[in-house]
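So the sequence lines, in the order shown, correspond to chains A and B. Mapping of the first sequence onto numbering that gives the first Met the number 0: residues 0 to 283, in sequence order. Mapping of the second sequence onto numbering that gives the first Met the number 0: residues 0 to 283, in sequence order.
There are 2 protein chains.
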Amino acid sequence: MHIFLNGQILPEAQAQISVLDRGFLYGDGLFETLRTANGVPFRWAQHWERLRRGADFLGIALPYSSETLRGVAGELSARNRMSDALLRLNLSRGAGGRGYSPRGADKPTLVMTLHPAPPFGAVPPGWRLITGSSRLPAGEPLAQFKTCNKLPQILPRAEPAAAGADEALLLNTQGHLVEGAASNLFWFANGYLCTPPLASGILPGITRQVVFEVASALGLAAKEAIITPEGFLQSEGAFVSLTTAGVAAVSELDGRPLPPSPLVERIGQGFQEVFQHETMKNSS
Amino acid sequence: MHIFLNGQILPEAQAQISVLDRGFLYGDGLFETLRTANGVPFRWAQHWERLRRGADFLGIALPYSSETLRGVAGELSARNRMSDALLRLNLSRGAGGRGYSPRGADKPTLVMTLHPAPPFGAVPPGWRLITGSSRLPAGEPLAQFKTCNKLPQILPRAEPAAAGADEALLLNTQGHLVEGAASNLFWFANGYLCTPPLASGILPGITRQVVFEVASALGLAAKEAIITPEGFLQSEGAFVSLTTAGVAAVSELDGRPLPPSPLVERIGQGFQEVFQHETMKNSS
């Protein structure tokens, strides 16, 4: 694999950073994962905007423009001969002095990698979900950015229960189900498509935004709502949205079944149409 | 500076890791910072025990024994000619596949570095504290370990208000003051030395443990208690405890004064005596 690191495209073995990089020491950074097709990254502008806002919030200067890095993404795709892939963009604050204060760390590290993507297309068969043991802090401003502090998301995927599960859902400190470790959460209730509000402490997913667009085009009423695990189990069907898989129906949570909803299939198809349309060759 | 990395002592420029290390990508790791004097790390066994418990919790296999790494600490001290320093030990899960699941990442990365230590001895003059904007999740199991997910601790040190401040205090999601970004919090109230309980979502600091020992030796009654910022400002004096500075009196929070307490000076002196006694040459 060839990797972009601070201005150079290098073989994987040479793509190395200092052990004093604050990304390594403290998770002091941000990342984005995008799906590409035909070498075209899906929703580049929205991912870039989330990264840019996060970098502003953390006070990390973006060392390259959106245009430059979009060009690099194309180059990586060609060099690695991977046109349908997952593109990962990682920005850290770079090396600095010891301690939490970021003062003096002013040479950010920027890495872009390409990874094989799981099969993509039809809505996956019902996913089995578990509830993770981490608790997300409700109202935490950091939650709106895709930071490199991901232990609360890693742990549920490492717990023994995760062995047979497709994804883990996380509760916030108020006891509400708010998001998946790597996905946003949707369910149907009383004729509405529902999803937790951003203020509950979740990441504003790009696929989540596309789901809203698709639901609107389908004439489905959507709203933000809070939900407990018990309430979720009484919903009229549910799905998660995520970059790697698009829309995935949920068939059970912690071994308890959720009813299938034909609407999940329609939203999934609508998502695929948007994805295919926007990633047609030369669509950029 | 010479650095220990996965079994070798290397010049700083050669101490490099893969950009695919999960420590860098997700903060998937743990660390410890110890104060050394005469080349002797203070409370090595307690720091090691916290690291070991954290590694168990995260499912990361410690690649070296406590004895081996304590020996490396001595070697680093000699190679860098720094006998009074800060020793940092960093353990990450190493490189793995893309995504949060740690499956397949089974070659941990272990780094040890030495850093100049700030002057140490007398209790520092009253520290000016600010309240940071991050919210720690009350009851989160991860809080009991010194993980590499430190953005909630970094941010308050990067906020504009931090410019003139010595340390930032953090609230948990229940609105209680629970710890400093890099310190534990103590205050005096109704004849008691008080500090927040571990269940409030704080790190079990090693210096915090030593403060308990010193208070006990001085005959001071100590207890765990919860406190709001308002309650804290009405206390009879306060201090923070931390590896880098030992015990530091607090003179103000967000510009509002706290009364000085002669007990802080006594605890600080008691701490220094313990530190000096345990780090005498050949005391290991």
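No residue lacks a Cβ here, since even glycine has one placed at the ideal position from N, Cα and C. On a predicted model such as this, the values are computed, not experimentally measured, just so you know.
Self-check item: Within chain A, partners of N89 of chain B - CB distance below 9 Å
Solution: Residues of chain A with a Cβ closer than 9 Å to the Cβ of N89 of chain B are, in chain order, V18, F23 and L24.
Quiz item: Using the beta-carbon count (16 or more within 10 Å), is E31 of chain A buried or exposed?
Solution: E31 of chain A sits buried, since 16 or more C-beta atoms from the chains shown fall within 10 Å of its C-beta.
Self-check item: Sequence-distant residues of its chain with Cβ nearer than 7 Å to P10 of chain A (five each side left out)
Solution: By the criterion of a C-beta distance shorter than 7 Å, P10 of chain A is surrounded in its chain by H1, once the five residues flanking it on both sides are discounted.
Quiz item: Under the rule that 16 or more other beta-carbon atoms within 10 Å means buried, what is E66 of chain B, buried or exposed?
Solution: With fewer than 16 other beta carbons inside 10 angstroms of its own, E66 of chain B counts as exposed.
Practice problem: Identify the contact partners of R134 of chain A in chain B, using a Cβ-Cβ distance below 7 Å as the criterion. | Solution: Here the neighbours are P136, G138 and E139.
Quiz item: Counting only runs that start and end within the segment 130-173 of chain A, where is the alpha helix (DSSP H) found for 4 or more residues in a row?
Solution: Every alpha helix (DSSP H) stretch that sits fully inside the segment 130-173 of chain A and reaches 4 residues is listed by chain position as 150-157.
Quiz item: Quick one: which chain B residues come within Cβ less than 7 Å of A36 of chain A?
Solution: Chain B residues near A36 of chain A: none, gap ~17 Å exceeds 7 Å.
Quiz item: Between G269 of chain B and T206 of chain B, what straight-line distance do the alpha-carbon atoms span, to the nearest angstrom?
Solution: Cα to Cα, G269 of chain B sits roughly 12 Å from T206 of chain B.
Quiz item: In chain order, what residues of the segment 154-166 of chain A put their CB closer than 8 Å to some CB of chain B?
Solution: Those would be L154, R156, A157 and A161, in chain order.
Quiz prompt | Residue(s) in a DSSP beta bridge with Y191 of chain B | solution = DSSP output for Y191 of chain B lists B:A188 as bridge partner(s).
Quiz prompt | Under the three-state DSSP convention, the category I59 of chain A falls into | solution = If DSSP states are grouped into helix, strand and coil, I59 of chain A belongs with coil.
Quiz item: What first and last residue would you give for the beta strand (DSSP E) that runs through Q7 of chain B?
Solution: Where Q7 of chain B is concerned, the enclosing beta strand (DSSP E) stretches over Q7 to P10.
Self-check item: Cβ neighbours of A12 of chain B in the same chain (closer than 7 Å, five flanking residues each side left out)
Solution: Sequence-distant Cβ neighbours of A12 of chain B in its own chain, meaning closer than 7 Å and more than five residues away, do not exist here.
Quiz item: What does I2 of chain B touch in chain A if you count any residue whose Cβ is under 7 Å from its own?
Solution: The contacting residues are V18.
Quiz item: Does DSSP put Q45 of chain B in a helix, in a strand, or in coil?
Solution: In the three-state DSSP reduction, Q45 of chain B falls in the helix class (H, G or I).
Exercise. Flag this pair as touching only if the segment 135-149 of chain B and the segment 82-91 of chain A have three or more C-beta atom pairs under 8 Å; answer yes or no.
Key: Contact between the segment 135-149 of chain B and the segment 82-91 of chain A is absent: fewer than 3 CB-CB pairs across the two stretches fall below 8 Å.
Practice problem: Within its chain, find whatever has a CB closer than 8 Å to the CB of R21 of chain B; leave out the 5 residues flanking it on each side and keep chain order. | Solution: Counting only Cβ-Cβ distances below 8 Å, and skipping sequence neighbours, we find D27, G28, S91, R92, G93, A94, G95, P101 and A104.
Self-check item: Local conformation of Q233 of chain A per DSSP, three classes
Solution: In the three-state DSSP reduction, Q233 of chain A falls in the coil class, being neither helix nor strand.
Practice problem: Express the C-alpha separation of S76 of chain B and A44 of chain A in angstroms, rounding to a whole number. | Solution: Approximately 49 Å between the Cα atoms of the pair.
Self-check item: 7 Å Cβ shell around P258 of chain A - same chain, five flanking residues per side excluded
Solution: The beta carbon of P258 of chain A sits closer than 7 Å to those of E235 and G236, all from its chain and outside the five residues before and after it, given in chain order.
Quiz item: Do E286 of chain A and P136 of chain B have their C-beta atoms closer together than 9 Å?
Solution: Nothing in the structure corresponds to residue 286 of chain A, since chain A is present only between 0 and 283.
Quiz item: G53 of chain B by DSSP, collapsed to three states: which one?
Solution: In the three-state scheme derived from DSSP, where H, G and I count as helix and E and B as strand, G53 of chain B is classed as helix.
Self-check item: Contact set for G163 of chain A: own chain, Cβ-Cβ below 8 Å, skip 5 residues either direction
Solution: If we look at G163 of chain A and ignore the five residues flanking it on each side, its Cβ neighbours are R127.
Quiz item: If we cut at 9 Å on Cβ distances, does D105 of chain A have a partner in chain B?
Solution: No, D105 of chain A lies away from the interface with chain B (no Cβ there is under 9 Å from its Cβ).
Quiz item: Nearest to P155 of chain A by CA position, among A:Y25, A:S132 and A:Q173, is which residue?
Solution: The candidate whose alpha carbon is nearest that of P155 of chain A is A:S132.
Quiz item: Smallest Cα separation from V18 of chain A: which of B:A224, B:N89 and B:P117?
Solution: Residue nearest to V18 of chain A within the set B:A224, B:N89 and B:P117 is B:N89 (criterion: CA-CA distance).
Quiz item: Going along chain B, which residues have a C-beta under 7 Å from R97 of chain A?
Solution: When 7 Å is used as the limit between beta carbons, R97 of chain A is near these residues of chain B: L85, R87 and H114, in chain order.
Exercise. Decide yes or no for the touch test of the segment 108-123 of chain A against the segment 232-252 of chain A: beta carbon pairs closer than 8 Å, at least 3 of them.
Key: The segment 108-123 of chain A, when compared against the segment 232-252 of chain A, does touch it at the 8 Å Cβ threshold.
Exercise. Determine, using beta carbons only, whether T112 of chain A and F211 of chain A come nearer to each other than 9 Å.
Key: Pairing T112 of chain A with F211 of chain A gives a Cβ-Cβ distance that is not under 9 Å.
Exercise. List the residues of chain A that V110 of chain B touches, going by C-beta distances under 7 Å, in chain order.
Key: Those within 7 Å of V110 of chain B in chain A are V18.
Quiz item: Does any CB atom of chain B fall closer than 9 Å to the CB of F211 of chain A?
Solution: F211 of chain A does not count as touching chain B.
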